[in-house]
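See below for the structure under consideration.
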Amino acid sequence: MNPFPLIGAELRRSWPGALALFAVMAFAIAMGVTVIAQERALRQGSARAADDFDLLIGAPGSETQLVLTGVYLQESALPLMPDTVWSELARRNGVTWAAPLVFGDTWRGRPVIGTTADFVTRGGKRTPEAGRLFQADHEAVVGSDVPLAIGAGVVTSHGHSRDDGRALPGEARHEGHELIVVGRMPRTGTPYDRAILAPIEAVWEAHGLARGRPDRDARIGPPWPEATGDAPVIVVKAASVADAYRLRAAFRGGRTMAVFPAEVLVQLYGALADVKAVMAAMALATQALVFVSVLVCVFALASARRRDIAVLRAIGAPRAFVFAVVWLGVCLLVCAAALAGIAMGYVATAGASALLSERFGFMLNARIGPDEWAMTALAAVLGALLALVPAAAAYRGSVVTGLRGG
Amino acid sequence: MPISASSEAPPLTVHDLRLVYGRGRDATTVLDVPALSIAAGAQLSVSGPSGSGKTSLLHVLTGIERPTTGLICWGSVDLATLGEGARDAWRRRNVGLVFQDFHLAPQLSALENVLLPLRFDHWRLGAAQRDRAQDLLDAVGLAEPKRRAGVLSRGEQQRVAIARALIRDPRILAADEPTASLDAENRAVVADLLLAAARRSGATLLVVTHDAALLGRLGSVIRIANGSVAPVEAAA
Ligand SMILES: Nc1ncnc2c1ncn2[C@@H]1O[C@H](COP(=O)(O)OP(=O)(O)OP(=O)(O)O)[C@@H](O)[C@H]1O
Ligand SMILES: [Mg+2]
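In order, the protein sequence lines correspond to chains E and R.
Using the UniProt record's numbering, read the first sequence as starting at 1 and increasing by one per residue.
Using the UniProt record's numbering, read the second sequence as starting at 1 and increasing by one per residue.
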């Protein structure tokens, strides 16, 4: 038996309605796919950005803020730690590398971060893609997305600055503390791609703070024999997991706090999961509504086709044939909508990910995962099951009544 | 049970057939056939005034409708006792029908309409089957087999309906006013086709018609008035 010529002809005949049903179903599925895919992209993208940050030490305050500022470069006024914290850390075992970070300066809207070579190279694991590392306190390296060529000079500003370089009212530039770009780091897919990394001594100096060495000593980087300025964040790479826990315990409570960014992220994901649950529920409700309306349409269609079905039966169509004509027609529509929904969902996720990558500064990978396929398959199966109802109903009722148009 | 075109048409015996619509005070007897028997391969007409029950009789005799009471035996099969699905299957194997209102699938082409009964048990149709459908359309004089049935004139639809009824080489051919929408020339063509097809395969032919020319070419007449059929014995 082959009901497809009849199904095809039927779809062609009622194409505006079929197209509308298809579009509505595809849209509902795309919504669900986008919510799931986007949430995962956000979670994975943010986790990847925090990969290099085992442990953050900061002055007591908000742990979340410490992570948001230290890892994602979100602007904020973090409390500062005195240089004694650094000296204490320097005496500890189990530290592969550690680096203080200072924030607050910008160049054309991009963050300028004062740090040490260890942070820039992640303890020697990364090298500049072009040029070299900073070696003096008037040199800087830039992230992959900073539009500065090697050799360019940079005058940073205290606080905010405009993207186009025009002065803001009250903007204070660190004139006389010009930096020269000497290297460019490879892309990391993290907010640091937008940052200018300067020797921490350069930032301290620009703010009139102690730089850890006598003025005539031009070397940079730890250990600092003399007093230094304060820092809001120290990034620590521990030698082992046990060391990480030991270090966290040592710097927790009292004058400092120590957090695992991964732990803070898990809390944030908890909140994100709630948002996702709400959105997924909305998407699901939309899908349910859509499928109910599709069912209503199919029923309306089926009753309009009672005569057609009666004719099929009158000329001897087997039960399975009549059933297939109604059921496969809807299934075809549902499956096409499911595939289109996945495709549309992917496009939407890719678009949203591009926008959000820009907004958050870390890379979001648009990808359709097993959850999305599962949801779409579920929707398709549900649609197919719902379509059984009109298909089964098609064989009920008398042929004669159908033939006579009753 | 495979069909074979050469198998003999079964004889028909009807006993005390009644078709009643409604219940109680509203009940109307649409058909009352005390006895009717038709020999295998007979060719006969059904005639009577409008509303007398001709279409109802065809429906009951072909198993589209189940009678209220009575016996309808085609050979050893009593349609009155078969369920809906079994009657559909029996009809598929044995009957070719031309409806008074044609009942084509409007979205399908004329050719696809003729092929439709073959799709019930074939996934792919062979060239021979397509050629056969095309031959039937040629025989009824339909020039454009690719045209959608929905846009055909009534006369063209009627001819497609006849081709569709013949495609499975039925052992029982039942036609409800098959020439009503046709001009004299086409009436003759269609009548020739029906009679020849029935004669060639030995099918029993039942034609509801007012067409005098066609009436004259068929053997006996089943006269029906107000649902009542006088006892008829029709020989081949
Ligand atoms: N479902 C029904 N309920 C009640 N009466 C019905 C029903 N179906 C048909 N009838 C009646 O049965 C009678 C016979 O109808 P039928 O269609 O068989 O007539 P017919 O002889 O074919 O007429 P025509 O020549 O106009 O086609 C009519 O009076 C019709 O009104
Ligand atoms: Mg009639």
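The beta carbon of each residue, even a glycine, is placed where N, CA and C say it ideally should be.
Quantities reported herein were computed from a predicted structural model and do not represent experimental measurements.
Is the closest heavy atom of ligand 1 to the C-beta of Gln-158 (chain R) under 7 Å? no
May I ask you to check if the CB of residue 239 (chain R) is nearer than 7 Å to at least one heavy atom of ligand 1? Chain R is shown from 1 up to 236; residue 239 (chain R) falls before or after that span and cannot be answered.
Find out if the Cβ-Cβ distance for the pair Leu-101 (chain E), Val-120 (chain E) is shorter than 8 Å. no
State the DSSP-derived secondary structure class of Ser-357 (chain E), mapped to helix, strand or coil. helix
Run the proximity test for Thr-28 (chain R): is its beta-carbon closer than 7 Å to any non-hydrogen atom belonging to ligand 3? Ligands present in the displayed structure are limited to ligand 1 and ligand 2, and ligand 3 is not among them.
Could you give the DSSP three-state label for His-174 (chain E): helix, strand or coil? coil
To the nearest angstrom, report how far apart Arg-87 (chain R) and Ala-105 (chain R) are at their CA atoms. 22 Å
Is the shortest distance between the beta-carbon of Gly-141 (chain R) and the beta-carbons of chain E less than 8 Å? no
Just checking: is the beta-carbon of Gly-85 (chain R) within a distance shorter than 8 Å of some beta-carbon in chain E? yes
Just the Cα atoms here: how many angstroms apart are Ala-9 (chain R) and Glu-185 (chain R)? 30 Å
In whole angstroms, what separates the C-alpha of residue 473 (chain E) from that of Gln-38 (chain E)? Look at the range of chain E in this structure, 1 to 406, and you will see that residue 473 (chain E) is not part of it.
Interfacial residues, the UniProt domain "ABC3 transporter permease C-terminal" (283 to 394) of chain E to chain R, with Cβ spacing under 7 Å: Asp-308, Val-311, Arg-313, Ala-314, Ile-315, Gly-316, Ala-317, Pro-318, Arg-319, Phe-321
Cβ distance (whole Å) where Gln-43 (chain R) is taken to contact Leu-205 (chain R) below 8 Å: 4 Å
Spell out the partners DSSP gives Arg-148 (chain R) in its beta bridges. R:Ser-109
Taking contact to mean at least 3 C-beta pairs separated by less than 8 Å, is the stretch 313 to 320 of chain E in contact with the stretch 93 to 107 of chain R? yes
Does ligand 2 have a heavy atom nearer than 7 Å to the CB of Thr-55 (chain R)? yes
Just how far apart, CA to CA, sit Ala-128 (chain R) and Gly-155 (chain R)? 27 Å
Looking at the structure shown, is Val-14 (chain R) part of a helix, part of a strand, or coil, going by DSSP? strand
Answer with buried or exposed for Met-31 (chain E), where buried requires no fewer than 16 other C-beta atoms within 10 angstroms of its C-beta. buried
What residues in its chain sit with their C-beta under 8 Å from that of Met-257 (chain E), if we drop five residues either side in the sequence? Ile-57, Gly-58, Ala-59, Pro-60, Gly-61, Glu-63, Leu-66, Phe-251
According to a CB-to-CB cut-off of less than 9 Å, which residues of the stretch 120 to 137 of chain R neighbour chain E? Phe-120, Asp-121, His-122, Trp-123, Arg-124, Leu-125
For Ala-18 (chain E), I'd like the list of residues in its chain whose CB is within less than 7 Å of its CB, leaving aside the five on either flank, ordered along the chain. Leu-11, Leu-333
Ligand 1 heavy atom lying under 7 Å from the CB of Gly-48 (chain R): yes
Is it buried or exposed, residue 419 (chain E), if we count other Cβ atoms within 10 angstroms and call 16 or more buried? Residue 419 (chain E) lies beyond the range of chain E shown here (1 to 406); nothing can be said about it.
Please determine, among E:Gly-70, E:Arg-307, E:Thr-116, the residue with the shortest C-alpha to C-alpha distance to Val-400 (chain E). E:Arg-307
From which residue to which residue does the beta strand (DSSP E) around Pro-34 (chain R) run? 28 to 38
What span of residues does the beta strand (DSSP E) with Gln-43 (chain R) cover, start to end? 43 to 47
Hey, is Asp-32 (chain R) close to ligand 2, as in C-beta under 7 Å from one of its heavy atoms? no
Interfacial residues, the stretch 29 to 50 of chain E to chain R, with Cβ spacing under 8 Å: none
Does His-207 (chain E) come out as helix, strand or coil in the three-state DSSP assignment? coil
Which runs of the beta strand (DSSP E), 3 residues or longer, sit entirely within the stretch 42 to 130 of chain R? 43 to 47, 69 to 74, 95 to 98
Do Leu-58 (chain R) and Ala-165 (chain R) count as a contact pair if the criterion is CB distance below 8 Å? no
Contact criterion: CB-CB distance below 8 Å. Does Gln-107 (chain R) meet it with respect to chain E? yes
List, from N- to C-terminal side, the alpha helix (DSSP H) runs of 4 residues or more that fit wholly inside the UniProt domain "ABC3 transporter permease C-terminal" (283 to 394) of chain E. 306 to 314, 319 to 360, 370 to 393
Counted within 10 angstroms of its Cβ, other Cβ atoms place Ser-4 (chain R) as buried (16 or more) or exposed: Residue placement at Ser-4 (chain R) cannot be trusted, given a pLDDT of 43 that sits under 50; what the coordinates show is reported in the next sentence. Classification of Ser-4 (chain R): exposed, given that the 10 Å Cβ count is below 16.
Where Thr-117 (chain R) meets chain E, residues with beta-carbon distance less than 7 Å: The sequence given here places Pro at residue 117 (chain R); Thr does not occur at that position. Within chain E, the residues near Pro-117 (chain R) are Ile-315, Gly-316.
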